[in-house]
Amino acid sequence: MKKIIAGLLLAVYIGGLQPVIAQVKDNLKGDISLSGAFALYPMVVKWAEEFKKIHPNVRIDISGGGAGKGMTDALAKVVDLGMVSRDVYDVETKKGAVAFAVVKDAVVPTINAANPVLKDIKAKGLKRSAALNLWSGKCKTWGDVLGTASKVPVHVYTRSDACGAAETWAAWFGKRQEDLDGTAVFGDPGVASAVQKDKIGIGFNNIAYAYDQKTRRPYAGLTIIPLDVNGNGKIDPEENFYDNSLSLIKAIVSGKYPSPPARNLFLVSNGVPTKPVVVEFIKYILTEGQKYANATGYIGLSKTTINQELAKLKK
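Dropping the structure here:
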């Protein structure tokens, strides 16, 4: 992609005399509005910051509210792009939704770092069947979760807003968001905060809300439950990659962390975008913008996927 940087000074020599200084201006102007998934919010903020360095005359407005809000706003043309952290449903496609995969991340189960049975949790991990029982209201103690004699109660948290994180987490054990039982809390930050305050709580969060992007470690007061993917009742060395977000990202890329709860994140428009500033923003995200994915706690797309998504802009 060619870049014209506003304010770039070019020295043009005429007949070998004094240089004439010319100012090259960026001509891209306009507004872009986005709303939706908390999962995608930090990444879009970073892309917006970098895009505005190249195109300072562009105004970008970003708000959260959950994937459901992002999809609703996009279909109603309240915003140019909805941030959606789940697959698009057929009924939404029929209403005009066009989804562009822009980056990948994952949902992880989070607990309080001071949990009284933390050692057993880390050693045994979370089975798919235990997750199903937890968010179905069948597990009352951590012993029920781990298959031990522990009588320590377990408090389960879920999301109150229609969101991709809950939909994706539920999909791991064959359910939908509306099937999830537990104390409902609004937003990714809300669930993280609830678990940080509850020593026997368990919730689920997107990577950006579970790990501090500066330290790459889980946020203070939180820790991640490793998934017992093979279901053998213990966390094997190849299943233990949660100490920092970089090792988790590598596990997602290699397929060691399952999909779901890993998944693509999308920007959704009503029809193929035609507004020049929106088209350029999507192109930027799918090209130069991909280099910011890992540093922001996400996983960049493959070249094949990028080419597929760019091709949608030409339809």
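So for the sequence shown, numbering that gives the first Met the number 0 puts the first residue at 0; every next one is plus one. By construction, the Cβ of each residue, glycine as well, lies at the ideal position given by its N, Cα and C atoms. Predicted model only: the values in this text are computed from it and were never measured.
Counting only the Cα atoms, Tyr241 lies some 10 angstroms from Leu226. Exposure of Leu245 is indicated by the presence of fewer than 16 other C-beta atoms within 10 angstroms of its C-beta.
Taking a C-beta distance under 9 angstroms as the contact criterion, Ile61 and Asp30 do not qualify as a contact pair.
The C-beta of Asn114 has 16 or more other C-beta atoms within 10 Å across all chains shown, which makes the residue buried. Restricting attention to Ala292, Asp86 and Leu309, the CA atom closest to the CA of Ala170 is found in Asp86.
In the DSSP assignment, Arg175 falls outside any alpha helix (DSSP H) and carries neither an H nor an E. The beta carbons of Met42 and Tyr256 sit no closer together than 9 angstroms. If one requires a minimum length of 4 residues, the alpha helix (DSSP H) runs lying completely within the stretch 179-239 are 187-195 and 206-209, in chain order.
Per DSSP, Leu33 lies in no alpha helix (DSSP H) segment; the continuous beta strand (DSSP E) that holds it begins and ends at Gly29 to Gly35. Per DSSP, reduced to three states, the secondary structure at Arg85 is coil, with no helix or strand assignment.
Asp89 is classed as exposed because its beta carbon has fewer than 16 other beta carbons within 10 Å across all chains shown. Contact between the stretch 151-162 and the stretch 119-134 is present, with at least three C-beta pairs closer than 8 angstroms.
Nearest Cα to Glu287 within the set Leu247, Leu309, Gly270 and Ala129: Leu309. Residue range His154 to Arg158 is occupied by the beta strand (DSSP E) that includes Thr157. The bridge partners DSSP lists for Lys103 are Asn263 and Ile298. In this model, Ala122 and Ile234 are separated by some 6 angstroms (Cα to Cα). Distance from the CA of Ile284 to the CA of Ala75, rounded to the nearest whole angstrom, comes to 23 angstroms. Here Lys51 has Val57 and Ile59 as same chain residues with Cβ atoms under 7 angstroms from its own Cβ, once five neighbours each way along the sequence are excluded. Collapsing the DSSP output to three states places Thr71 in a helix. DSSP places Asp242 in the coil class of the three-state scheme, outside both helix and strand.
The Cβ-Cβ distance between Ser84 and Gly64 does not fall below 9 angstroms. Taking 9 angstroms as the cut-off, the Cβ atoms of Gly81 and Val271 do not count as close. In this structure, Lys94 sits near Asn269, with a CB-CB distance shorter than 9 angstroms. Following the DSSP letters along the chain, one finds Asp60 in no alpha helix (DSSP H) but inside the beta strand (DSSP E) bounded by residues Val57 to Gly64. About 5 angstroms separates the beta carbon of Thr167 from that of Val106, a gap short enough to meet the 8 angstroms contact definition. Counting along the chain, Ser128 sits inside the alpha helix (DSSP H) bounded by residues Arg127 to Leu133. CA-CA distance, Val77 to Gly220, rounds to 38 angstroms.
Of the other Cβ atoms in all chains shown, fewer than 16 fall within 10 Å of the Cβ of Glu48; this residue is therefore exposed.
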